[in-house]
Every structure is written in structure tokens, then in C-alpha cells.
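Peer 1:
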Amino acid sequence: MTSITVVGSINADLFVLVERHPLPGETLLGRDGGISAGGKGANQAVAAANLGATVRMVGAVGTDAYAAPATEFLSAAGVDMSDVATVEGSTGLAVITVSESGENTIVVVGGANTAVDGDFVASRREAVESAGIVLLQGEIPASGFSAAVRLATGRVVVNLAPVIEVERADLLAADPLVANEHEAGLILAQLGVADVPASEEAMASALTELGFASVVLTRGARGAVVAEGDQLTPIPTPSVDAVDSTGAGDAFVGALVHRLAEGDTLVAAARYAARVGAFSATRRGAQGSYPSSTDALPDVD
Numbered sequence: 001m002t003s004i005t006v007v008g009s010i011n012a013d014l015f016v017l018v019e020r021h022p023l024p025g026e027t028l029l030g031r032d033g034g035i036s037a038g039g040k041g042a043n044q045a046v047a048a049a050n051l052g053a054t055v056r057m058v059g060a061v062g063t064d065a066y067a068a069p070a071t072e073f074l075s076a077a078g079v080d081m082s083d084v085a086t087v088e089g090s091t092g093l094a095v096i097t098v099s100e101s102g103e104n105t106i107v108v109v110g111g112a113n114t115a116v117d118g119d120f121v122a123s124r125r126e127a128v129e130s131a132g133i134v135l136l137q138g139e140i141p142a143s144g145f146s147a148a149v150r151l152a153t154g155r156v157v158v159n160l161a162p163v164i165e166v167e168r169a170d171l172l173a174a175d176p177l178v179a180n181e182h183e184a185g186l187i188l189a190q191l192g193v194a195d196v197p198a199s200e201e202a203m204a205s206a207l208t209e210l211g212f213a214s215v216v217l218t219r220g221a222r223g224a225v226v227a228e229g230d231q232l233t234p235i236p237t238p239s240v241d242a243v244d245s246t247g248a249g250d251a252f253v254g255a256l257v258h259r260l261a262e263g264d265t266l267v268a269a270a271r272y273a274a275r276v277g278a279f280s281a282t283r284r285g286a287q288g289s290y291p292s293s294t295d296a297l298p299d300v301d
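Read in order, the letters of the sequence shown are residues 1 to 301 in full-length UniProt numbering.
1. Would you check if there are 3 or more beta carbon pairs closer than 8 Å linking the stretch 24-37 to the stretch 51-60?
2. Roughly how many angstroms separate the alpha carbons of Arg-259 and Leu-51, rounded to a whole number?
3. Which of the three DSSP states, helix, strand or coil, is assigned to Ala-37?
4. Express the C-alpha separation of Leu-136 and Gly-229 in angstroms, rounding to a whole number.
5. Using the Cβ count rule (16 or more neighbours within 10 Å means buried), how would you classify Leu-207?
6. Do Ala-152 and Ala-173 have their C-beta atoms within less than 9 Å of each other?
7. By the 10 Å Cβ neighbour count, where 16 or more other Cβ atoms means buried, how is Val-285 classified, buried or exposed?
8. Leaving out the 5 sequence neighbours to the left and right, which residues in its chain are closer than 7 Å to Gly-111 when beta-carbon positions are compared?
9. Within a Cβ cutoff of 7 Å, which residues of the same chain sit near Ala-248, ignoring the five residues on either side of it in sequence?
10. At what residues does the beta strand (DSSP E) containing Pro-234 begin and finish?
11. Please work out which residues of its chain come closer than 7 Å, Cβ to Cβ, to Ala-147, disregarding the five sequence neighbours upstream and downstream, and give them in chain order.
12. Can residue 332 and Ile-187 be called in contact, C-beta distance under 9 Å?
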């Protein structure tokens, strides 16, 4: 089994459930709320580990009370946390509002994740160099992202969310680049494309034309598109009654790298990941909604 090292963020999620999202300047009463584990890096690490992957986490938490809930599911999933540091200050924080329709809005405060810079990653080079797959997102400093890409000897998978400015050559090392339709447009603009295509298929093709070996463009309830060279493959997703979409995209990415580590083709891995992402949307929260290897996943109609 190929090992996976995730270099990324670890957050505590403060969530509130509302009937609908508030308008600017409006105060609403929430129906429920709480604290759960989050961070795109941790989410994806937990999603992969829950499914049976061997996962190592490189990241940081603070010295505050949020560090324990932020790492609860990482520990429970069996993620190797020997390269997770505790740094002075606050743990990364995400404030999430979830409406009755299952749609969410998220504001992220970096906290300890801002310590995961180039020097931090270089000091944990063995964790990166020894990995068969290195998985990266956009919630750490660009220098940490670049250091991880340059130290990687295995396959590099990038989910540049949020879209941050990184070195062009480092970004193009992604195989695949995973992005939703909004992120894909921002990445194309970052790479100098003046007229961003309107359709997801055209965006995926434009990204491969820029030099990406492969692209997975996710589009929520409409599934995904896989681009490899000039080949485009639509990926359907199961139809489910969504309860909370928080972390569903991360469930997709974690499942994708798990199946790539098992030797699947990118298309086969994406088909499996779509089912895992759909499963996640039927439960509340991020990491607590992710399936294990024994859970029954929804099928495509």
C-alpha cells in the first residue's frame, strides 16, 4: 500500500445551524451549534485514513483549548501525528454557518497553520520524501506548499483551496490538480488566462493545456470531470438528500488519494470518491460525517 503524507491545515470548526443564511447586517437565531474538528488538510487526512489508507500528517496546532477537538478525529482514524507541532498561540479556526438546505458559508482564521511555512516543512522532510503520495491544499503559507512539492519524491496531488498565489512550476507538479468550478477559474486567471471558459469541461481542458498532467474538476451534486491529456470523462454522483455539505469536497479528495494509493486509475478513483462525497453530505459536520471502509456507500442511479 502506498503511503500518503498530508501537508496542510488543522482547524477547530465552530458551526451554527440556521434556517437560512443571514443577509448583510441581519441577526438570526441559530437552531444549534458546537465545536468539531476541521481544516482541509486534516479533513482529507481523516477521510483517507477512515477508508484504510496509511496517512501521515504534517501540520500545527496552538496552545489553546481548541487543539484537542481539532485533532480528535485524526487520532481516532489512526493518522500518524508525529509531525504535528504545537506552537504558541491559537489553533486554526473556521466559523461555519449551515442552512436547512445543507449549503454552508465558511470563514477561516489561519492561527497555527500560518507556522507551516517552508522552514517548518523542510524540518520534516523525511515525512514528505518517504511518501508515495503528497497531498496539499491552500490553507498553509505558499512557502510551505512549495517546500513540500520540491521535497516530494512521489506523486503530488493538489487541492488548491482556497486559491493562494504559489509558484507556477510548483502548482503544475500536481497530478492531479483537484478544484471546484470556482477555484478552477481563479487558478486559470492566476496562470495568465485572460478569458476563462464558461463550462467546467472547457476549464478542465484549459488547465491540461497549460501543462497539468491531469485535472479533476468537481461540481457538487453534478459530479465531476476528469481531464487527462485531451480525454474528458464525466463522473456522476449519487443522488442523496443532503443534510450538510461541509467537508464533502474534502471527503472526495481524501477518498480519491486513498484509491490512487491502492493503484486505481484516476477515473476509477474519482468515481469512488464521488460516492464518498455524497455519503458525507448526508451527515452533519465534516470529519464526523466521513465513512469507514465498512460503511455502505450510495450508488449512482
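Idealized CB from N, CA, C, for every residue including glycine.
Peer 2: Walking through what the data contain:
1. Contact fails: fewer than three Cβ-Cβ distances are below 8 Å.
2. For Arg-259 and Leu-51, the distance between alpha carbons rounds to 9 Å.
3. If DSSP states are grouped into helix, strand and coil, Ala-37 belongs with the strands.
4. Going by the C-alpha atoms only, they are around 22 Å apart.
5. Using a 10 angstroms sphere on the CB of Leu-207, the tally of other CB atoms reaches 16 or more, which defines it as buried.
6. Ala-152 is a Cβ neighbour of Ala-173, given a cutoff of 9 Å.
7. The residue you asked about is not Val; residue 285 is Gly in the sequence shown. When all chains shown are included, Gly-285 counts as buried.
8. Sequence-distant partners of Gly-111 (beyond 5 residues in either direction) whose C-beta falls short of 7 Å from its own C-beta, in its chain, are Gly-62, Gly-89, Ser-90, Thr-91, Gly-92, Leu-93.
9. Its chain contains Gly-277, Ser-280, Ala-281 as the residues whose beta carbon lies nearer than 7 Å to that of Ala-248, once the 5 sequence neighbours on both sides are disregarded; these appear in chain order.
10. Looking at the DSSP string, the run of the beta strand (DSSP E) that includes Pro-234 is 231-235.
11. Within the same chain, Ala-147 has close Cβ partners Gly-118, Val-121, Ala-122.
12. No information on residue 332 is available, as it lies outside the stretch 1 to 301 that the chain covers here.
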